[in-house]
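The next block holds one structure in the form of structure tokens; read it before the comments.
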Amino acid sequence: MDDPMSMFIERPKAGIVKKIRLENFMCHSNLEIELGDRVNFITGGKSAILTALCVAFGCRAKGTQRASTLKDFIKTNCGCALVHVEIKNEGDDAFKPQIYGDVITIERRISESSGSTVLKDHRGKKVASNKDELRELVEHFNIDVENPCVIMSQDKSREFLHSGNDRDKFKATLLQQVNDLLESIDHRLKTADGIVCELEDSLKPIEKELSELQEKIESMKHVERITQDLQELKKKLAWSWVYKVDGELQEKLGGMERMKDRIPIVQAKIDSKKRALDELRQHLDEKKNQIANMLEKTSEVRRKKDELKETLSLASKEKFELEQGCKRYVAEIQKLEKDARFLEQQLQEMHEQHVKDTQAEESEIEEKLKELQFVVDAADSEFTRLKQEVTELSECVNQGMAENRQRAEEIGGFEKQYRLLSTRIRELQQNRTNRVTAFGGERVINLLREIERRYRRFRMPPIGPIGSHVTLVNGDQWASAVEQALGNLLNAFIVTDHKDCLLLRACAKEANYSYLQIIVYDFSRPRLNIPHHMLPQTNHPTTLSVLQSENHTVLNVLVDVGNAERQVLVQDYDAGKVVAFDSRKNSNVKEVYTLDGYKMFSRASVQTILPPPRNRNMRGPRLCSSFDEQIMDIEKEASEVKEQAQECRRMKREAEEQVQKLQESERSAKVDISVSHRDGRTV
Numbered sequence: 057m058d059d060p061m062s063m064f065i066e067r068p069k070a071g072i073v074k075k076i077r078l079e080n081f082m083c084h085s086n087l088e089i090e091l092g093d094r095v096n097f098i099t100g101g102k103s104a105i106l107t108a109l110c111v112a113f114g115c116r117a118k119g120t121q122r123a124s125t126l127k128d129f130i131k132t133n134c135g136c137a138l139v140h141v142e143i144k145n146e147g148d149d150a151f152k153p154q155i156y157g158d159v160i161t162i163e164r165r166i167s168e169s170s171g172s173t174v175l176k177d178h179r180g181k182k183v184a185s186n187k188d189e190l191r192e193l194v195e196h197f198n199i200d201v202e203n204p205c206v207i208m209s210q211d212k213s214r215e216f217l218h219s220g221n222d223r224d225k226f227k228a229t230l231l232q233q234v235n236d237l238l239e240s241i242d243h244r245l246k247t248a249d250g251i252v253c254e255l256e257d258s259l260k261p262i263e264k265e266l267s268e269l270q271e272k273i274e275s276m277k278h279v280e281r282i283t284q285d286l287q288e289l290k291k292k293l294a295w296s297w298v299y300k301v302d303g304e305l306q307e308k309l310g311g312m313e314r315m316k317d318r319i320p321i322v323q324a325k326i327d328s329k330k331r332a333l334d335e336l337r338q339h340l341d342e343k344k345n346q347i348a349n350m351l352e353k354t355s356e357v358r359r360k361k362d363e364l365k366e367t368l369s370l371a372s373k374e375k376f377e378l379e380q381g382c383k384r385y386v387a388e389i390q391k392l393e394k395d396a397r398f399l400e401q402q403l404q405e406m407h408e409q410h411v412k413d414t415q416a417e418e419s420e421i422e423e424k425l426k427e428l429q430f431v432v433d434a435a436d437s438e439f440t441r442l443k444q445e446v447t448e449l450s451e452c453v454n455q456g457m458a459e460n461r462q463r464a465e466e467i468g469g470f471e472k473q474y475r476l477l478s479t480r481i482r483e484l485q486q487n488r489t490n491r492v493t494a495f496g497g498e499r500v501i502n503l504l505r506e507i508e509r510r511y512r513r514f515r516m517p518p519i520g521p522i523g524s525h526v527t528l529v530n531g532d533q534w535a536s537a538v539e540q541a542l543g544n545l546l547n548a549f550i551v552t553d554h555k556d557c558l559l560l561r562a563c564a565k566e567a568n569y570s571y572l573q574i575i576v577y578d579f580s581r582p583r584l585n586i587p588h589h590m591l592p593q594t595n596h597p598t599t600l601s602v603l604q605s606e607n608h609t610v611l612n613v614l615v616d617v618g619n620a621e622r623q624v625l626v627q628d629y630d631a632g633k634v635v636a637f638d639s640r641k642n643s644n645v646k647e648v649y650t651l652d653g654y655k656m657f658s659r660a661s662v663q664t665i666l667p668p669p670r671n672r673n674m675r676g677p678r679l680c681s682s683f684d685e686q687i688m689d690i691e692k693e694a695s696e697v698k699e700q701a702q703e704c705r706r707m708k709r710e711a712e713e714q715v716q717k718l719q720e721s722e723r724s725a726k727v728d729i730s731v732s733h734r735d736g737r738t739v
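Residues in the sequence shown are numbered consecutively from 57, following our numbering.
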């Protein structure tokens with residue numbers, strides 16, 4: 057009889073150390089040992105093997121209590137050391153079997169100046185060389201080499217043997233509990249064997265009686281009776297078929313009558329749906345007409361913009377000419393001032409000359425000098441006033457032209473915003489018609505056509521884009537925050553293996569879809585069950601909690617790739633800071649997103665807050681249940697932008713008229729300066 061305990065023991069298949077090889081490590085030049093699946097007894101090299109396992113699984117040198125640095129493990133007179141560990145990777149608990157296969161090799165090479173760790177697959181091909189991959193492997197197999205319950209060094213075992221009493225040590229081994237369990241199982245097996253024997257003994261007389269009855273039955277059989285019974289059974293079978301078919305016929309007739317009664321109701325529903333379809337088509341035609349009108353108005357705005365640019369160029373040219381004329385007039389004014397000073401000097405000389413003349417002519421000359429002086433003073437005052445007026449008019453002209461340039465820039469900004477809003481309206485209308493286009497536009501439609509064309513070549517049909525397979529729970533409140541949290545992951549596709557990944561990449565190339573994100577994931581894996589203690593301990597929702605999907609693979613990818621279960625969504629900035637930076641309560645929180653677009657996270661002691669993206673307002677959420685409200689809001693915003701542009705054009709026209717008036721006043725002032733200049737020369 058087989059061992060009764062063998063049925064309760066499952067042979068381990070993953071996480072078992074298969075082979076250890078040491079080169080120039082501690083006192084061993086070349087040590088290689090193969091280990092069994094369960095208990096292994098080693099009589100020589102125990103410390104070196106335990107230390108090598110600790111070093112291979114990422115333990116620091118001080119953690120082994122055998123050396124202070126890793127280079128101390130190198131054998132004397134040797135340049136480097138190598139620790140080679142092979143681990144079985146089979147069964148359901150295997151670590152990334154599609155990458156590593158059934159054996160994982162860990163090689164840690166130690167030199168005088170540095171050290172390196174390499175993970176290889178079952179063929180010896182290098183897979184990874186970073187510590188994160190090794191740490192993930194150790195956590196997957198629950199190998200904690202620094203825990204004395206896993207690996208106990210000589211010093212730790214010595215401390216264990218000298219601590220406590222024998223009774224506590226025996227109790228700690230749980231051998232008594234195992235012995236009691238084995239005795240209980242043995243007692244149950246003996247009881248079951250006794251019951252089986254009793255049942256077998258009770259069956260023997262019944263079997264004997266059964267054989268006697270069988271012999272009597274065989275002797276009592278008669279061929280004629282059997283033939284008669286057979287004929288009767290055939291007749292009954294025929295009539296049973298008749299009754300059955302008649303019942304089914306009556307049931308079908310009743311169903312047909314019920315269906316006839318439902319025809320008017322169904323026809324009414326069809327008519328209602330047709331009317332709704334006609335209304336939607338009419339609404340679509342209206343929207344198309346509105347878009348055409350908007351495009352026509354946009355072309356008109358572009359034409360006006362070109363005219364304004366041409367006007368601005370002419371105004372700039374005229375401004376330059378006016379500035380040159382102003383400079384000439386200023387030079388003439390300066391020349392007039394010089395002439396006035398010269399006249400004053402001549403007057404002074406004439407005055408001195410006439411003093412020497414007769415006393416009778418002196419009074420007449422003084423009278424004439426006063427008149428000339430009055431004329432000169434009036435000319436100087438007029439020159440000064442005209443010069444100040446020309447300067448003020450030039451400043452007003454420059455200010456008006458600067459305002460016109462600013463208005464032109466504002467009009468250009470409004471036109472650009474109007475074009476962006478019109479483009480967004482067309483995108484939303486397209487997304488309303490086909491929701492898939494929200495996650496890649498026309499490129500994703502072309503890609504889906506290529507996938508459908510090569511459908512039979514895939515091992516499993518690709519899933520994607522991910523955004524088309526998820527919906528929001530309880531409204532669209534968190535739509536923008538969820539899209540910011542997941543980002544381009546909503547555009548990604550999921551395949552089951554590397555071969556399908558290459559085939560999908562070829563389809564994307566044919567569809568002219570560059571930089572497509574493809575995620576390789578096992579479709580047969582069931583829905584992930586996340587323990588409560590691994591989730592954020594908060595009352596706020598997470599990205600995963602506000603999403604739903606009929607495909608378990610999509611939800612698993614959101615967890616494994618996007619960490620959606622650790623992304624917390626909050627209402628405002630203050631609540632986000634409390635959730636993101638209180639590490640004592642929310643150790644499982646990776647990132648926090650607010651409704652107004654802020655992103656917060658903490659890494660070690662560094663706290664980071666990122667502001668909302670610039671294009672957040674121009675690009676609405678793609679996960680919302682209805683696009684009609686977004687279209688109406690953007691159309692309203694486009695109408696407001698259009699009105700603002702028209703108001704800006706009106707103000708620009710008024711400013712241009714004002715500039716023209718100022719330029720006319722400036723030209724008139726320059727004419728007055730010329731007249732005054734001629735009068736001064738005449739004097």
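Heads up, the beta-carbon is just placed ideally off N, CA and C, and yes, glycines get one too. Remember, predicted model here, so these are calculated numbers, not experimental data.
Excluding its 5 nearest sequence neighbours in each direction, L584 has C-beta neighbours in its own chain below 7 Å: N612 and V615, listed in chain order.
Restricting attention to I143, L109, A104 and V492, the CA atom closest to the CA of D93 is found in I143.
For E352, there are no CB contacts under 7 Å within the same chain when 5 residues up- and downstream are skipped.
Between S605 and V492, the CB-CB gap reaches or exceeds 8 Å. For the pair V174 and F113, the CB atoms are not nearer than the 8 Å cut-off. Segment contact: the segment 559-570 against the segment 500-512, three or more CB-CB distances shorter than 8 Å; contact assigned. As a beta-bridge residue in DSSP terms, I550 pairs with I519 and I575. Using a Cβ distance threshold of 8 Å, S167 and G119 do not count as a contacting pair. Segment contact: the segment 541-555 against the segment 576-583, three or more CB-CB distances shorter than 8 Å; contact assigned. When DSSP states are grouped into helix, strand and coil, V602 belongs to the coil group. Within a 10 Å sphere around the beta-carbon of Q623 sit 16 or more other beta-carbons, which makes this residue buried. For the options A371, C382 and E263, the alpha carbon positioned closest to that of S724 is the one of C382.
T367 sits in a helix when the DSSP states are folded into three classes.
Straight-line measurement puts the Cα of N235 at about 14 Å from the Cα of R244.
Residue pairing of Q623 in beta bridges, as defined by DSSP: E647. In its own chain, leaving out the 5 sequence neighbours on each side, no residue places its CB closer than 6 Å to the CB of D257.
Just measuring C-alpha positions, the residue of A701, N607 and V538 sitting nearest T650 is V538. About 18 Å separates the CB atoms of G531 and A494; that is not less than 8 Å, and the two are not in contact. As the crow flies, the alpha-carbon of N454 is around 14 Å from that of S369. The beta carbon of Q702 is closer than 6 Å to none in its chain, skipping five residues each way along the sequence. In the structure shown, K127 falls within a helical segment according to DSSP collapsed to helix, strand and coil. Counting C-beta atoms within 10 angstroms of its own C-beta, V298 has fewer than 16 neighbours from the protein chains shown and is therefore classed as exposed.
Distance from the CA atom of E356 to the CA atom of S643, rounded to whole angstroms, is 59 Å. Across the structure, C253 and E263 are spaced so that their CA atoms are roughly 15 Å apart. A108 is a Cβ neighbour of I76, given a cutoff of 8 Å.
I467 sits in a helix when the DSSP states are folded into three classes. With 16 or more other Cβ atoms from the protein chains shown falling within 10 Å of its own Cβ, E647 counts as buried. According to DSSP, residue pairing for N86 in a beta bridge involves E79. Taking a cut-off of 8 Å on C-beta distances, the segment 552-561 touches the segment 510-520, as three or more cross pairs fall below it. CA-CA distance, L266 to K260, rounds to 10 Å. Boundaries cannot be given for C115, as no alpha helix (DSSP H) includes it and DSSP labels it neither H nor E. In this chain, the beta strand (DSSP E) harbouring E142 covers C136 to N145. In this structure, the straight-line span from the alpha carbon of G101 to that of L138 is close to 16 Å. Contact between A631 and L600 is absent: CB atoms are separated by about 19 Å, not below the 8 Å threshold. DSSP places G157 outside both helix and strand once states are collapsed to three, so it counts as coil. For F97, the secondary structure class from DSSP, reduced to helix, strand or coil, is coil.
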